[in-house]
Amino acid sequence: MSLSKRAVKRKVGDEGTPTCLMCTEKVAVYKEYDIRRHYSTRHAEDELRKHKVNTLKRQSEKQTQLFRKFGKHSETVTLASYQVAWNIARAKKPYSEGDFVKTCLKDVIAILAPENDNLKRSVSDLQLSRHTIEQRISDINNSIETQLHTDLEKCLYFSIALDESCDIQDKPQLAIFVRSVSEDCTIKEELLDIVPLKDRTRGIDLKETLMTVAEKAHLQLSKLTAIATDGAPAMLGAANGLVGLCKADDRFPDFWTFHCIIHQEHLVSKKLNLDHVMKPVLEIVNFIRTHALNHRQFKNLIAELDEDLPSDLLFHCTVRWLSRGNMLSRFFEMLNPVKLFLGEKHKEYPQLHDPQWISDLGFLVDMLHHLNKLNVDLQGKLKMLPDLVQSVFTFVSKLKLFQTHLQKRELTHFPSLLKASGGAAEVLQRSTARYATLVENLQQSFEDRFCNLREKRPQITFLINPFTAESDCLKAPLVTNEAASQLEMIELCEDDRLKSVLREGTTEFWKTVPTDRYPNVKQAALKLMSMFAATYVCESVFSTLKQVKSKHRSVLTDTHVKELLRVATTEYKPDLKRLVDNKDCQVSH
1 MSLSKRAVKR
11 KVGDEGTPTC
21 LMCTEKVAVY
31 KEYDIRRHYS
41 TRHAEDELRK
51 HKVNTLKRQS
61 EKQTQLFRKF
71 GKHSETVTLA
81 SYQVAWNIAR
91 AKKPYSEGDF
101 VKTCLKDVIA
111 ILAPENDNLK
121 RSVSDLQLSR
131 HTIEQRISDI
141 NNSIETQLHT
151 DLEKCLYFSI
161 ALDESCDIQD
171 KPQLAIFVRS
181 VSEDCTIKEE
191 LLDIVPLKDR
201 TRGIDLKETL
211 MTVAEKAHLQ
221 LSKLTAIATD
231 GAPAMLGAAN
241 GLVGLCKADD
251 RFPDFWTFHC
261 IIHQEHLVSK
271 KLNLDHVMKP
281 VLEIVNFIRT
291 HALNHRQFKN
301 LIAELDEDLP
311 SDLLFHCTVR
321 WLSRGNMLSR
331 FFEMLNPVKL
341 FLGEKHKEYP
351 QLHDPQWISD
361 LGFLVDMLHH
371 LNKLNVDLQG
381 KLKMLPDLVQ
391 SVFTFVSKLK
401 LFQTHLQKRE
411 LTHFPSLLKA
421 SGGAAEVLQR
431 STARYATLVE
441 NLQQSFEDRF
451 CNLREKRPQI
461 TFLINPFTAE
471 SDCLKAPLVT
481 NEAASQLEMI
491 ELCEDDRLKS
501 VLREGTTEFW
511 KTVPTDRYPN
521 VKQAALKLMS
531 MFAATYVCES
541 VFSTLKQVKS
551 KHRSVLTDTH
561 VKELLRVATT
571 EYKPDLKRLV
581 DNKDCQVSH
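Okay, so the sequence shown: first residue is 1 according to full-length UniProt numbering, each after it adds one.
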């Protein structure tokens, strides 16, 4: 007996008629008696019934497995597309790079695994179109923004760094970064927002923008400890600047303000500008670099000399902090080839043959080298305020040493000056006293520029070594109860158990300090940890902005720019798996 019969085609009239799953015959009347009679007369044998039931179960399981397998495949492919989108945003590449990545993957698989059909299908199913990558990055940005807002709600204190710059379309962009510290002394620096300024950039406009961003992020202004800016009048103005307006607003607590330490160092370094040295150097560099023929001929000359020299001169860019020192150092290193090339071009620069001028060039190269080193020390993320202050005043002490050495004609710290003078006593005798005066003036400029930091230094350095600080060093707004903080400082200095922990590092030390025993001292330490003293993070994001919103991508919307900058600069790790779980996953068509 056959276990299966030819399937009977359904008719419209069959709708609502009972059908036997084993033989597919119709039962005329939809009553229990008729259905039972059909079963007892036609399918009384158990074997046929068991076989049919098992067959139906297997069919159901196969369908379930198929749907489950397809769903898992869709989720895996979607997760892979999120990972590619994350990598594209971190590398500051255009949305369209997704299609390029997919093409590369297909070509690689065709060569390395031509017979792996499953892998080929998976790559073909990857959703990497321009629109999909754009949406994926937007989802990642939302995830990161949620994490940021959650951390800001939980943090104990925070500070803000603001700076303004123009993009490729000359549209002013205000970058706002937030630095927060949590109860376990974890410090985070993140882009809070970057806002296009539609019209003017007055202090009142900047404050309104800041308040809008703070309200959107649910910032509790009572936790604010400091604001760092670039020092422009619209930012630091006592009456109409952003800082002045915030201090006059009752919604803001008492907070510290900082004119970016790196920016101030750069301003001081400009006072060392020896115009009689810089002007001819810039003219010569521009003569060689801005004329294509001259540039090619100069590079060919360098190659022909077959010396261990750099391949080219460097341009000078005013807005780049290290540019002047690097340009002068390279020029001094290539001085002889430059003389030779200018001679062939019949270009006369008598300064290049003047021992005094060359000596001045060497001195300027050495001093800018020291200043650039300080500038680099001040750069970087998650820098502690005491470290920045220490770097500045350490350099001031170095200037005193340089002045003393120059007065004694000791050139230990001036190798370029020593090389330029060739050890000629006559040149050094005329120059070193003048150089010592220049260094003294530079030192005084540092003292004047950073006098406010020197006043606050006892409070600031308390963070890295409270055991050497005075008991009355902490003042408002670092502490709310100065009298109680003095007693706590005395107790802390006598705590031998904590003294041994200090060697493990500043952060680890303050994690160990019990809040219930030293509430005011711990409060001051956490506030200092939360403080921005430079706008380096803003300058860094503006460099990223130039890459993201280039001349080839100038039509990006403000929302896209913000999303791309946040994903490119964040230290958060998005939970891509959770994003996939909340997504209706589909494969590429």
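For glycine and all other residues, C-beta sits at the position ideal for the given N, C-alpha and C.
Since we're looking at a predicted model, the values are computed, not measured.
At the level of alpha carbons, what is the spacing between residue i and residue j?
{"i": "Gln-147", "j": "Leu-219", "result": "14 angstroms"}
{"i": "Phe-70", "j": "Thr-132", "result": "Only weak support is given to the placement of Phe-70: the predicted model assigns it a pLDDT of 44, under 50, and the value that follows is read from those uncertain coordinates. Their Cα atoms are separated by approximately 20 angstroms."}
{"i": "Pro-280", "j": "Gly-325", "result": "15 angstroms"}
{"i": "Asp-99", "j": "Ile-168", "result": "26 angstroms"}
{"i": "Ser-74", "j": "Leu-112", "result": "24 angstroms"}
{"i": "Ser-416", "j": "Gly-362", "result": "5 angstroms"}
{"i": "Gln-356", "j": "Leu-309", "result": "24 angstroms"}
{"i": "Leu-374", "j": "Ser-391", "result": "7 angstroms"}
{"i": "Glu-447", "j": "Lys-383", "result": "22 angstroms"}
{"i": "Arg-553", "j": "Val-101", "result": "19 angstroms"}
{"i": "Lys-271", "j": "Gln-297", "result": "35 angstroms"}
{"i": "Met-327", "j": "Asp-581", "result": "53 angstroms"}
{"i": "Asp-151", "j": "Leu-221", "result": "15 angstroms"}
{"i": "Asn-300", "j": "Phe-287", "result": "16 angstroms"}
{"i": "Ser-4", "j": "Asp-34", "result": "Residue placement at Ser-4 is flagged as unreliable, the pLDDT there being 45, under the threshold of 50; the coordinate-derived value follows with that caveat. Straight-line Cα distance between these residues: approximately 22 angstroms."}
{"i": "Thr-76", "j": "Lys-562", "result": "28 angstroms"}
{"i": "Cys-20", "j": "Lys-26", "result": "7 angstroms"}
Grab the span of the alpha helix (DSSP H) containing residue i for me, first residue to last.
{"i": "Phe-467", "result": "Segment: none, Phe-467 is in no alpha helix (DSSP H) and carries neither H nor E."}
{"i": "Trp-510", "result": "506 to 512"}
{"i": "Leu-282", "result": "275 to 289"}
{"i": "Val-389", "result": "385 to 407"}
{"i": "Phe-341", "result": "335 to 344"}
{"i": "Glu-455", "result": "451 to 461"}
{"i": "Asp-496", "result": "496 to 501"}
{"i": "Cys-246", "result": "242 to 247"}
{"i": "Lys-527", "result": "519 to 529"}
{"i": "Val-479", "result": "No alpha helix (DSSP H) holds Val-479; DSSP gives it neither H nor E."}
{"i": "residue 590", "result": "Any question about residue 590 goes unanswered here, given that the chain covers just 1 to 589."}
{"i": "Lys-270", "result": "First-last for Lys-270: undefined, no H or E at that position."}
{"i": "Tyr-536", "result": "536 to 548"}
{"i": "Glu-25", "result": "Where Glu-25 is concerned, there is no enclosing alpha helix (DSSP H), given that its DSSP letter is neither H nor E."}
Along the beta strand (DSSP E) that carries residue i, what are the first and last residues, could you check?
{"i": "Leu-173", "result": "In the sequence under discussion, the amino acid at residue 173 is Gln, which differs from the Leu named in the question. Looking at the DSSP string, the run of the beta strand (DSSP E) that includes Gln-173 is 172 to 181."}
{"i": "Ile-227", "result": "224 to 229"}
{"i": "Ile-160", "result": "157 to 166"}
{"i": "Phe-258", "result": "256 to 259"}
{"i": "Val-555", "result": "No beta strand (DSSP E) contains Val-555, which DSSP labels as neither H nor E."}
{"i": "Leu-374", "result": "Counting along the chain, Leu-374 falls outside any beta strand (DSSP E), though it belongs to the alpha helix (DSSP H) covering 355 to 378."}
{"i": "Pro-196", "result": "187 to 196"}
Please state whether the Cβ-Cβ distance between residue i and residue j is less than 9 angstroms.
{"i": "Ile-227", "j": "Leu-162", "result": "yes"}
{"i": "Thr-480", "j": "Ala-469", "result": "no"}
{"i": "Gln-264", "j": "Phe-532", "result": "no"}
{"i": "Glu-215", "j": "His-560", "result": "no"}
{"i": "Leu-305", "j": "Arg-330", "result": "no"}
{"i": "Thr-225", "j": "Ser-159", "result": "yes"}
{"i": "Ile-144", "j": "Pro-574", "result": "yes"}
{"i": "Tyr-157", "j": "Ser-530", "result": "yes"}
{"i": "Phe-177", "j": "Leu-197", "result": "no"}
{"i": "Ser-359", "j": "Ser-431", "result": "yes"}
{"i": "Pro-477", "j": "Trp-321", "result": "no"}
{"i": "Leu-388", "j": "Ala-534", "result": "yes"}
{"i": "Leu-564", "j": "Ala-217", "result": "no"}
For residue i, does the count of other Cβ atoms within 10 angstroms reach 16, so buried, or fall short, so exposed?
{"i": "Pro-386", "result": "buried"}
{"i": "Gly-422", "result": "exposed"}
{"i": "Thr-64", "result": "Only weak support is given to the placement of Thr-64: the predicted model assigns it a pLDDT of 48, under 50, and the question is left unresolved by the model."}
{"i": "Thr-412", "result": "exposed"}
{"i": "Leu-119", "result": "exposed"}
{"i": "Cys-317", "result": "exposed"}
{"i": "Leu-428", "result": "buried"}
{"i": "Gln-83", "result": "exposed"}
{"i": "Ser-500", "result": "exposed"}
{"i": "Pro-233", "result": "exposed"}
{"i": "Ala-433", "result": "exposed"}
{"i": "Ser-543", "result": "exposed"}
{"i": "Asp-249", "result": "exposed"}
Under 8 angstroms, with one C-beta from each stretch per pair, do the segment 366 to 383 and the segment 340 to 353 reach the 3-pair mark? no
Count Cβ pairs between the segment 407 to 415 and the segment 567 to 578 that sit closer than 8 angstroms; are there 3 or more? no
Pairing CB atoms from the segment 438 to 445 with CB atoms from the segment 381 to 399, are three or more of them under 8 angstroms? yes
Would you be able to state if there are at least three C-beta pairs under 8 angstroms between the segment 545 to 560 and the segment 114 to 125? no
If you pair each beta-carbon of the segment 204 to 223 with each one of the segment 242 to 253, do three or more pairs fall below 8 angstroms? yes
Does the contact criterion of 3 or more C-beta pairs under 8 angstroms hold for the segment 254 to 264 versus the segment 373 to 385? yes
Are the segment 487 to 496 and the segment 516 to 536 touching by the rule of at least three beta carbon pairs closer than 8 angstroms? yes
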